[in-house]
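Only one structure is covered here, and it is reproduced in the block below.
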């Protein structure tokens, strides 16, 4: 039972386990007591990893009834068609349940063979060998076949880890990498399948208009040359392509069963055509066929327009000219003016198919790439051609129609190795999918790879190079070049390839809408939901219309060579993510990753992924970037709109592993000063309804953080956990909602304890994880702290101050937080004033800088106020401080406030640098780095010795802002309130209470020095001396310690 539950995270047992009104759980065991009455619930349902919830699940009998014969369609296509026909019979008589009958051969091997062999083999393979050479073409074939083989290994592992419903690779990727990757790659796979349909249709039209019925062309090409002839051909492709696309879409709409009835015919055409080629190769070794190619010099001539390959013929009455003479001369007479190249070179003919034993392989080993309009010339034949001769009568020679290069050949060839997903798409219809999918797919790829590699070698060994480079067979009487090699007739290849391309186009128009329907019904791409609807029997009508519209775009491109690289991009991206999914699942070792296919390895998957990525940029860097932008845009759209379903994908496993690794790295040591930033723990309070009382605290948090670093929003509740758990959940929901409203990115935490003081202390201690800890506490000033009946509020606040000091944390206490600006407000002008206190670690400089990064405070200016004595040089102080801020890279105005000694309290005096110490710090700016570090170390050592002599009782060295903000800022605002808060005359002196001027003469414990002097050393046994008794020289020694301003 545990294994079943593990395997069926989204299975049908899930709803039952949550309670469906039945007295006990539905058991999937055969021998359970209620198995008979419950068995109907499991008809047609797979308890497997990739099972998806379906609104209506057809019975197994309906799913299997049509599989007695071979089917080339994806799972679910034929069943939809027969569902309407069987509906009435099902009502009258219940059909017996049959097990799936398809084995490895009929269910996987033959469908993959039919999908892999396609139009490229028949129309472009010979041309690729002629242009790229046998060696270059073999490298291309080997790279592409290796990519699909590695992808098949990864796909076999994923497919045998559960049942893959209709949708194939989309289900594999989405359930392995998550809905974002699944949706993005699924749509790319859909676009690839759709453009494949366009490529097959264009291939069938090219076969029809060039080789079968040239006179059917609407735009006539006779007499045209160059761009005009090319434009006429493209327009013919567009018109006929649109007509064929409309017809095929109508056939698919009317009934898929009619397509399925022709499946065996299409498969037979493919196999017979390939066998005819091999038979022709064997025949060339015995008796080469007679396909003469006429050459003028070393240039092959278009065979149309003349009947004899000669300039003149000898007859009984003398020498007469031929039709070829009339082509290059202005009259049929011997004294006519003729083309200069025609006059200087002889006419000869060679055999286009010299045979496998002729040794022509040596000439075809290396590539011969051509520019558009270049002549296809025979190597090794002498020719008389002047250096300045211009090409005339170009429409009489065989010319290159496009500029060719290695990467173009890769892009054109790769679609001929796609189609490896045909077996995995039918996993539900197989007798033993765990066995059939790996064996059938890998055997099909092995078979097709052998055929392709042998075809490259055999084409180069049997066919003349000029014929191979003749893309449309213009030099061999307009025959299909691969057809000239076939036995018994070229028409075997022409007719067979025409029907196979038509069948492949129909299959693409059948499979692509169902893939779009699967994506739409998953709901991961909200804008595509409309395409999940269709006819009553499930046929994807709207998806078919979308597919036909996108396919028409490929038809309008009208060039097979231009469409092939486009679909190569989409298929390569899909295969890349299949390999990535397998590699990640293997490396993460997720508990539900246990495929029955064991011959896989993460290194093979990564190699396949690298090959796919390399081939994408080899084919076309431009198309590769466009495909990635499309996939990235879809990914961000799904991420932004939010996927409705969670499938336990591998990306979440990666996130957990990366988070664990990062946390372990953070544990290695404290962060450097340059990397320090406030990691906030925001303490808020809630009312009786668990609503946050200080929402502006989160506004200030957002303005300080802007989504960077760590933010923990916590609140405390009094009581017991068992009794107050519902309140804690409501408080957590309230915090999450407010954080979402204020756009605060972070975590929320609710702590329950017997009293508020302990709960807040627990928050302070337990928040964070490992090295990801808060270093700053943000809490608002206590309300109604003056009132005598609310003593506990400010006492809790005092305790919080003491705890943050003990934990070496910074403390930010905004006063009148309700008056702070919200995130929607904008300050068009204003100032952020800083009263500079030296020993704050530079935090008072950092906070205004962080605030000004936010749009609320961006237009505010920063002012630095510092206090000077009357006998100080205020002008020089301002100048030095300005230089200091310049080196800190902080833009701020500097203001020096001069005050009498009597106006400066001892507490403020000790916390503010006098002129002598400031000047000493600022002088360090002009020193070199080595000198500055040496000087700083000497000052620090001397000051620590002074502290050890004058104030030995305190124990820590950490610098904190905790007591400085209420001790200085509040002192400036309302000193009498500070006296009342910190040292109430009616309350005893607290060990942590800093002494005010009114109590300086009194006794003081060591703890009080800890609050006043946070830059302290360990005690060395001497008695502590009150700060009030310290001499001015002692104070100067203390403040010789300066912060590391160069790292701020």
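Numbering (the numbering used here), first residue to last: 25 to 1072.
Using N, Cα and C, we set each Cβ at its ideal position, and we do this for glycine too.
Since the structure is predicted, the reported quantities are computational estimates derived from the model, not experimental observations.
Quick one: grab the DSSP three-state call for residue i.
| i | result |
| --- | --- |
| residue 786 | helix |
| residue 323 | strand |
| residue 485 | helix |
| residue 738 | strand |
| residue 438 | helix |
| residue 163 | helix |
| residue 283 | helix |
| residue 14 | In the structure as shown, the chain begins at 25 and stops at 1072. Residue 14 is therefore absent and cannot be evaluated. |
| residue 248 | coil |
| residue 399 | strand |
| residue 526 | helix |
| residue 637 | helix |
| residue 394 | coil |
| residue 333 | coil |
| residue 793 | strand |
Just the C-alpha distance for residue i and residue j, rounded to the nearest angstrom, thanks.
| i | j | result |
| --- | --- | --- |
| residue 395 | residue 326 | 19 Å |
| residue 455 | residue 464 | 13 Å |
| residue 787 | residue 777 | 10 Å |
| residue 1050 | residue 816 | Since pLDDT at residue 1050 reaches only 41, below the 50 mark, its modelled position is unreliable, and no value is offered. |
| residue 1010 | residue 923 | Unreliable positioning characterises residue 1010 in this predicted model, as indicated by a pLDDT of 36, which lies under 50. A coordinate reading is not provided. |
| residue 262 | residue 763 | 56 Å |
| residue 715 | residue 755 | 7 Å |
| residue 3 | residue 238 | With the chain represented from 25 up to 1072, any question about residue 3 goes unanswered, as that position is not in the structure. |
| residue 569 | residue 739 | 55 Å |
| residue 71 | residue 185 | Residue placement at residue 71 cannot be trusted, given a pLDDT of 36 that sits under 50; what the coordinates show is reported in the next sentence. Whole-angstrom Cα-Cα distance: 12 Å. |
| residue 136 | residue 603 | 19 Å |
| residue 476 | residue 645 | 26 Å |
| residue 697 | residue 867 | 12 Å |
| residue 403 | residue 515 | 30 Å |
| residue 759 | residue 811 | 29 Å |
| residue 364 | residue 320 | 12 Å |
Quick one, which of the options has its alpha-carbon nearest residue i's?
| i | options | result |
| --- | --- | --- |
| residue 398 | 493, 920 and 832 | 493 |
| residue 830 | 391, 801, 337 and 386 | 801 |
| residue 727 | 454, 768 and 716 | 768 |
| residue 691 | 206, 797 and 228 | 797 |
| residue 745 | 385, 779 and 476 | 779 |
| residue 310 | 368, 232 and 511 | 511 |
| residue 621 | 610, 499 and 246 | 610 |
| residue 888 | 871, 439 and 649 | 871 |
| residue 436 | 223, 573, 333 and 504 | 223 |
| residue 462 | 651, 799, 619 and 342 | 619 |
| residue 885 | 209, 702 and 851 | 851 |
| residue 446 | 299, 166 and 172 | 172 |
| residue 178 | 743, 662, 599 and 713 | 599 |
| residue 725 | 846, 677, 520 and 637 | 846 |
| residue 781 | 751, 595 and 743 | 743 |
Start and end of the beta strand (DSSP E) containing residue i?
| i | result |
| --- | --- |
| residue 854 | No beta strand (DSSP E) holds residue 854; DSSP gives it neither H nor E. |
| residue 893 | 885-893 |
| residue 835 | 834-836 |
| residue 802 | 800-803 |
| residue 708 | 704-708 |
| residue 917 | 917-923 |
May I ask you to list the residues that DSSP assigns as paired with residue i?
| i | result |
| --- | --- |
| residue 421 | 325 |
| residue 343 | 338 |
| residue 374 | 317 |
| residue 774 | 739 |
| residue 859 | 889 |
| residue 716 | 710 |
Need the endpoints of the alpha helix (DSSP H) that residue i sits in, please.
| i | result |
| --- | --- |
| residue 297 | 287-310 |
| residue 270 | 251-278 |
| residue 910 | 898-911 |
| residue 503 | That residue, residue 503, is in no alpha helix (DSSP H); it is neither H nor E in DSSP. |
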